[in-house]
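Trainee: Per UniProt numbering, the sequence shown starts with residue 1, numbered consecutively.
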Amino acid sequence: MSTPEFCVFTEPQQGATYDTQLAFARQAERSGFDGYFRSDHYLKMGEHYSGEPGPTDAWTTLAGLARETTSLRLGTLVSSVTYRMPGVLAIQVAQVDQMSGGRVELGLGTGWFEAEHRAYGIPFPSKRFDLLEEQLEIVNGLWSTPRGSSFSFEGAHYQLENSPALPKPAQDRVPVIVGGAGLKRTPALAARFATEFNIAFQPEDVVRDRWARAAAACEAIDRDPATLKSTVALTTLAGANEADLARRAEATGVDLSSFREDHTFSGSASEIVDRAAGLIEAGAERIYFQLMDMTDLDHIAYIGEEVLPQLR
């Protein structure tokens, strides 16, 4: 098994400027994380957060970070198919990949947060899985079309005619992340189109089951399951003592006792190491630590300095 990767996962729509995200990403880089991934949302969630000063666009943000970081993998977890036409998305991601020197990854999903679509006038169709399937086929098709050739696509929702399929990403293949706890269609889409299958905020038995379903979906199309990276994301509160944990819980508006009983990384470095090591033993090739307070740079540093060295 390859050495696992460790990434931070953020929710900037809760209230974070570009500068806040830049400081956070640079701290993650200094603290030894492999990647910085952010949600792709335009409206805050929950009553604890104000959402001020307003949302930042995911791919605009990642373009900036591409020039202001040096080693982090950069991506979305995940972009919604409702936000961007697939041809435009392929261009955006390819450009940011070039700007980063080949460090970009695209997470793509159906989208679910109807209120933000209403808030910003974005259409929210009821049948979005078909959109996801076509977008996955299009972005992969555009990137993989040989230079000098063209790409055409005739689908129920999108039609592309003789596209020059440019620009090309810096990477031979931009990693594509598909995630979700669906029983059939999501694992099948990951097997067909993705390089990574991610399960977020679920108990370990569900995580194992969905990974197994994705592996079976790979085998059904004669794909080696080992070529589909199995990953997991969990919300995280870490601290050297109970006072640190209580302070961080208060800052993010959660009840600490309930949080520790949920499907999370929580507690001291040793507690988080034990939980993460179990997931790695189960097959996790990458772990995303979802960190909600983007002003708490000491939180990133603690995990990077006290947790990650024990897991590598």
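We treat Cβ as the ideally placed atom computed from N, Cα and C, and that holds for glycine.
1) Put Asn140 into one of helix, strand or coil per three-state DSSP.
2) Cβ of Gln21 within 8 Å of Cβ of Ser39?
3) With 16 as the cutoff for other CB atoms within 10 Å, does Leu89 come out buried or exposed?
4) One question on the structure: do Glu29 and Ser71 come within less than 8 Å of each other, judged by their Cβ atoms?
5) I'd like to confirm the pairing. Which residues does DSSP put opposite Glu154 in its beta bridges?
6) Is the closest heavy atom of the ligand NAD to the C-beta of Arg248 under 7 Å?
7) On a Cα-Cα basis, can you pick out the residue from Arg118, Leu183, Glu250 that is closest to Tyr42?
8) Can you pull the DSSP bridge partners for Leu237?
9) Here's the rule: buried if 16 or more other CB atoms are within 10 angstroms of the residue's CB, otherwise exposed. What is Pro53?
10) In whole angstroms, what separates the C-alpha of Phe6 from that of Arg312?
11) Straight-line CA distance for Glu133 to Leu189?
12) From the DSSP output, which residues share a beta bridge with Val8?
13) Could you give the C-beta distance for Phe259 and Ala276, rounded to a whole number, given that I count them as a contact under 8 Å?
14) Is Thr76 helix, strand or coil by DSSP?
15) For Leu183 and Arg128, I'd like the C-alpha separation in whole angstroms.
16) Quick one: residues in its chain with C-beta nearer than 7 Å to the C-beta of Asp97, no 5 flanking neighbours on either side, listed in chain order?
Mentor: Reading off the structure:
1) As a working mapping, residue 140 is identified with position 140 in the sequence shown. If DSSP states are grouped into helix, strand and coil, Asn140 belongs with the helices.
2) Here residue 21 is taken as the residue at index 21 of the sequence shown, counted from 1. Here residue 39 is taken as the residue at index 39 of the sequence shown, counted from 1. No.
3) By one-based count along the sequence shown, residue 89 stands at place 89. So Leu89 counts as buried.
4) Here residue 29 corresponds to residue number 29 of the sequence shown, with the count starting at 1. Here residue 71 corresponds to residue number 71 of the sequence shown, with the count starting at 1. Result yes, Cβ atoms of Glu29 and Ser71 sit closer than 8 Å.
5) Stepping through the sequence shown from its first residue, residue 154 is reached at position 154. For Glu154, which the question treats as bridged, DSSP gives the partners Gln159.
6) For the ligand NAD, the structure offers nothing, since it holds no ligand at all.
7) The sequence position of residue 42 within the sequence shown is 42, counting from 1. Of the listed residues, the one whose Cα sits closest to Tyr42 is Arg118.
8) Within the sequence shown, numbered from 1, the residue matching residue 237 stands at position 237. Answer by DSSP bridge pairing, in chain order: Ser266.
9) Indexing the sequence shown from 1 puts residue 53 at position 53. Exposed, since its Cβ has fewer than 16 Cβ neighbours within 10 Å.
10) Counting from 1 along the sequence shown, the entry for residue 6 is found at position 6. Counting from 1 along the sequence shown, the entry for residue 312 is found at position 312. Cα to Cα, the separation comes out at about 10 Å.
11) Locating residue 133 in the sequence shown gives position 133, counting from the first residue. Locating residue 189 in the sequence shown gives position 189, counting from the first residue. Each residue's Cα considered, the two are about 7 Å apart.
12) Here residue 8 is taken as the residue at index 8 of the sequence shown, counted from 1. Answer is Tyr36, Phe289, bridged to Val8.
13) The sequence position of residue 259 within the sequence shown is 259, counting from 1. The sequence position of residue 276 within the sequence shown is 276, counting from 1. That pair is no contact at about 17 Å.
14) Counting from one through the sequence shown, the residue named residue 76 turns up at place 76. Note: Thr76 maps to strand in three-state DSSP.
15) Along the sequence shown, read from residue 1 onward, the residue named residue 183 stands at position 183. Along the sequence shown, read from residue 1 onward, the residue named residue 128 stands at position 128. Going from the Cα of Leu183 to the Cα of Arg128 covers about 16 Å.
16) As a position in the sequence shown, residue 97 is number 97, starting the count at 1. For Asp97, where only same-chain residues beyond five positions count, the Cβ hits under 7 Å are Val104, Pro169, Ala170, Gln171, Val174.
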